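Here is the structure we will look at, set down as structure tokens.
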């Protein structure tokens, strides 16, 4: 009775007093979703990787990858590996034929320690795309928002109650009238309120002489 590669790997781990740990997660777009599996063994600085459209096959491919590594480092005899794994290794990769896009397992492949990610930073399956990342406004946008807020705070929303007169247009109209009448007005500025909430009180007096006809 033939033994599949995952069972062979598990038996080897039991004989050596260790337990493999499998971590599987979906990856890729929804219409072409695959499962990526990573397998680790305590005290061995290597991560076996496998992927497939089926989670169970992804675990087998990860087991095959780890077994091929153990063969390369001399921990397992090549002739003791099940036939399906040997054939896959002879074809130039530890993954099944359907998983030809799985990373290569040739001796020149980098070895990753326990807990290390096999993906380039920012390109992992769980990384968010740019459209899903929180928006960070630029300095110009922040200043523009602050200016809009200050303008909104100074807006007199009750201007319609007193004839649409505001501080700006009332003062402009008053200055225009004083100039036409050649009247010099004196403005008195008084600071009121605490330091954290200062306000300015402005008062003006002018004297007018009207000629009765």
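Numbering (UniProt numbering), first residue to last: 1 to 213.
All C-beta atoms, glycine included, are put in the ideal place defined by N, C-alpha and C.
Being a predicted model, the structure only gives us computed values, none of them experimental.
Of the residues the options, which one's Cα is nearest the Cα of residue i?
i: residue 205; options: 195, 178, 146 and 191; result: 178
i: residue 188; options: 176, 203 and 180; result: 203
i: residue 53; options: 25, 174 and 170; result: 25
i: residue 59; options: 74, 75, 23 and 70; result: 23
i: residue 186; options: 141, 79, 143 and 174; result: 174
So residue i and residue j are supposed to be a Cβ contact under 8 angstroms. How far apart are they, rounded?
i: residue 37; j: residue 51; result: 7 angstroms
i: residue 64; j: residue 5; result: 5 angstroms
i: residue 39; j: residue 27; result: Residue 39 to residue 27, Cβ: 16 angstroms. No contact.
i: residue 10; j: residue 67; result: Actually they do not touch by this definition, with Cβ atoms about 11 angstroms apart.
i: residue 43; j: residue 18; result: 7 angstroms
What is the rounded straight-line gap between the Cα of residue i and the Cα of residue j?
i: residue 81; j: residue 3; result: 9 angstroms
i: residue 222; j: residue 48; result: A query on residue 222 cannot be resolved here, the shown segment of the chain reaching from 1 to 213 and no further.
i: residue 85; j: residue 45; result: The pLDDT assigned to residue 85 is 45, lower than 50, so where the model puts this residue is not dependable; a value taken from the coordinates is nonetheless given after this. Answer to the nearest angstrom: the Cα atoms are 21 angstroms apart.
i: residue 14; j: residue 137; result: 55 angstroms
i: residue 199; j: residue 150; result: 16 angstroms
i: residue 29; j: residue 55; result: 16 angstroms
i: residue 191; j: residue 201; result: 6 angstroms
i: residue 180; j: residue 170; result: 15 angstroms
i: residue 176; j: residue 183; result: 10 angstroms
i: residue 62; j: residue 83; result: 16 angstroms
Could you give the uninterrupted runs of the beta strand (DSSP E) lying entirely in the region 146 to 197, keeping only those of 3 residues or more? Taken in chain order, the unbroken stretches of beta strand (DSSP E) that lie wholly in the region 146 to 197 and span 3 residues or more are 186 to 192.
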